[in-house]
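Visitor: The structure that follows is given in the form of structure tokens.
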Amino acid sequence: VESGLMIAQVTAVDLLAELRLLAGPASIDSVTTSANQEDHVSMGLAAARKAYRSVRCLERVLAIELMCGAEGIEHRRPLKAGVGVEETWRVVRSYVSRLEGDRMLGPDLEALTDAVASGALSEVAARYDVREELSSGQDL
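Sequential numbering of the sequence shown, starting at 1093, is according to this note's numbering.
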């Protein structure tokens, strides 16, 4: 039985649930301190830790989406996507090979998450101003 990208989807949904939990303001958990002399603590450190965890979760979700998108492009061949999408596909494929059958996706997701975190895919996105392409009617 081949499960395809089902486990990746389950992972993404779990990460999105965690992101929702992390989205609440840290300041709502403040309590009085110093024998009620201080009525508010900023919770800045807690907020910073939540922000850090949120970024890590989002990088992983983006890696999963990129991997699934690359697989989708493979299934549409010989059709070509837009220039920016094709370049993104090439970068993704430099980190993750095509899914030819069930395999552990952990190493692939780690590699792609590291690529997202390093900005490797941001460099591709920065070369394309989507707003200009949309207004000119060019293929993306």
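Cβ coordinates follow ideal geometry from the N, Cα and C atoms, glycine included.
No experiment lies behind these values; they were computed from the predicted model shown.
By alpha-carbon positions, which one of 1103, 1128, 1141, 1105 ends up nearest to residue 1118?
Guide: Nearest option by C-alpha distance: 1141.
Visitor: Could you check what DSSP says for residue 1232 in three-state terms: helix, strand or coil?
Guide: In this prediction, residue 1232 has a pLDDT of 48, which is less than 50 and means its spatial position is unreliable; what the coordinates show is noted afterwards. Coil, per DSSP.
Visitor: Report the rounded CA-to-CA distance for residue 1177 versus residue 1191, giving the unit in angstroms.
Guide: Each residue's alpha carbon lies about 19 Å from the other.
Visitor: Can residue 1187 and residue 1207 be called in contact, C-beta distance under 8 Å?
Guide: Their beta carbons are under 8 Å apart, which means residue 1187 touches residue 1207 by this criterion.
Visitor: Counting C-beta neighbours from all protein chains within 10 Å, is the total for residue 1124 16 or more, i.e. buried, or is it exposed?
Guide: Classification for residue 1124: exposed.
Visitor: On the CB-based measure, 16 or more other CB atoms within 10 Å of its CB, does residue 1127 come out buried or exposed?
Guide: Exposed: under 16 other Cβ atoms inside 10 Å.
Visitor: My assumption, with CB atoms under 8 Å, is that residue 1159 sits in contact with residue 1100. Please give the rounded CB distance.
Guide: Indeed, because the Cβ distance is near 7 Å, the residues count as touching under 8 Å.
Visitor: Do residue 1115 and residue 1156 have their C-beta atoms closer together than 8 Å?
Guide: Taking 8 Å as the Cβ cut-off, residue 1115 and residue 1156 do not qualify as a contacting pair.
Visitor: Is the distance from the Cβ of residue 1111 to the Cβ of residue 1150 below 8 Å?
Guide: Yes, the pair counts as a contact, with Cβ atoms nearer than the cut-off.
Visitor: Rounded to a whole number of angstroms, what is the C-alpha to C-alpha distance between residue 1106 and residue 1098?
Guide: The alpha-carbon atoms of residue 1106 and residue 1098 are separated by roughly 12 Å.
Visitor: Got a sec, what are the start and stop residues for the alpha helix (DSSP H) residue 1101 sits in?
Guide: Residues 1098 to 1114.
Visitor: For residue 1219, which residues in the same chain have their Cβ closer than 8 Å to its Cβ, ignoring the five residues on either side in sequence?
Guide: Contacts found: 1176, 1179.
Visitor: Beta carbon of residue 1205, beta carbon of residue 1168: below 8 Å?
Guide: No, Cβ-Cβ distance for residue 1205 and residue 1168 is not below 8 Å.
Visitor: Identify every run of the beta strand (DSSP E) within the segment 1147 to 1175, keeping only runs that are complete inside it and at least 3 residues long; order them along the chain.
Guide: Taking only runs of at least 3 residues, no beta strand (DSSP E) segment lies wholly in the segment 1147 to 1175.
Visitor: Work out the CA separation of residue 1129 and residue 1212 for me, nearest whole Å.
Guide: Roughly 49 Å between the two C-alpha positions.
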